[in-house]
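Shown next, in structure tokens, is the structure this report addresses.
In my numbering, the protein residues as written are 24 to 278.
Written out as structure tokens, the structure is:
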């Protein structure tokens, strides 16, 4: 999951109560496990998920230091009853690790950690969530998340109507609307290890011919180039030339 504080804000007064029957967890072809709507869900009508983190790891810790993170986790678990500690350990290590080269816990944290705001009784930290980590990415998501500071829970709410059988999605990117398809795909590849084939990326991924056409007609009647059009084409070409597209692995989820 994204490592940044979610930017989308959801008005609490628009939200009713959590309805677990809204979705089910199932296998999605070419993705893995994901959440799928079991009925039509109106926009901003229901809290799909209201989930406390299984772990809150201080942001002051180096998320590249797997040894330090592991020591911190084991010391933290010692403060709990054995059965609870065992369940938290199992749940944590069940999450997908898209960065195995960084080690078990460091990779899991970088793959699934949500940045949570600082509070009076807790510093800025990263939270790990079980159900939320099963929500797959889309650059055109149908849900958004916000942190409920009073209840100490992350809340997922539909931002548009979701049809029966439609997958429930979030965006893993902080500024997806400011990025072109190549930038989005490269960021997702680097951070989460998959090549995005969402509806938006599939649509924009075939725009090479369109860009060439824009380049060829980016002139006004007097023959002078239109700055906005040529600038867009130059920016797109710079991205392509400066950031070579990596080999495409199969689309997959974080689980």
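Note that beta-carbon positions come from the ideal geometry of N, C-alpha and C, so glycine has one too.
For residue i, does the three-state DSSP call read helix, strand or coil?
i           : result
residue 217 : coil
residue 115 : helix
residue 45  : helix
residue 130 : helix
residue 190 : strand
residue 89  : helix
residue 108 : helix
residue 223 : helix
residue 176 : strand
residue 99  : helix
residue 146 : coil
residue 60  : strand
residue 123 : helix
residue 211 : helix
residue 80  : strand
residue 158 : coil
Please classify residue i as buried or exposed, where buried requires at least 16 neighbouring CB atoms within 10 angstroms.
i           : result
residue 49  : exposed
residue 116 : exposed
residue 164 : buried
residue 174 : exposed
residue 188 : exposed
residue 125 : buried
residue 98  : exposed
residue 186 : exposed
Cβ atoms of residue j and residue i: under 7 Å apart, would you say?
i           : j           : result
residue 64  : residue 146 : no
residue 341 : residue 191 : The chain is shown from 24 up to 278; residue 341 falls before or after that span and cannot be answered.
residue 81  : residue 151 : no
residue 135 : residue 156 : yes
residue 128 : residue 78  : no
residue 289 : residue 72  : Nothing about residue 289 can be reported from this structure: the residues present for the chain run from 24 to 278 only.
residue 54  : residue 213 : no
residue 66  : residue 169 : no
residue 219 : residue 211 : yes
Could you tell me how far apart the beta carbons of residue i and residue j are, in whole angstroms, since I believe they sit closer than 8 Å?
i           : j           : result
residue 207 : residue 162 : 6 Å
residue 59  : residue 178 : Incorrect: roughly 19 Å between the Cβ atoms, too far for contact.
residue 44  : residue 61  : 6 Å
residue 84  : residue 95  : 6 Å
residue 132 : residue 86  : 5 Å
With a cut-off of 7 Å, does the C-beta of residue i fall near any C-beta of chain C?
i          : result
residue 67 : Absent from the structure is chain C; it holds one protein chain and no more.
First and last residue of the alpha helix (DSSP H) that includes residue i?
i          : result
residue 72 : Note, residue 72: premise wrong, no alpha helix (DSSP H); beta strand (DSSP E) at 72 to 74.
First and last residue of the beta strand (DSSP E) that includes residue i?
i           : result
residue 183 : No beta strand (DSSP E) holds residue 183; DSSP gives it neither H nor E.
residue 137 : 137 to 139
residue 167 : 166 to 171
residue 163 : Residue 163 -> no beta strand (DSSP E), and no H or E assigned at all.
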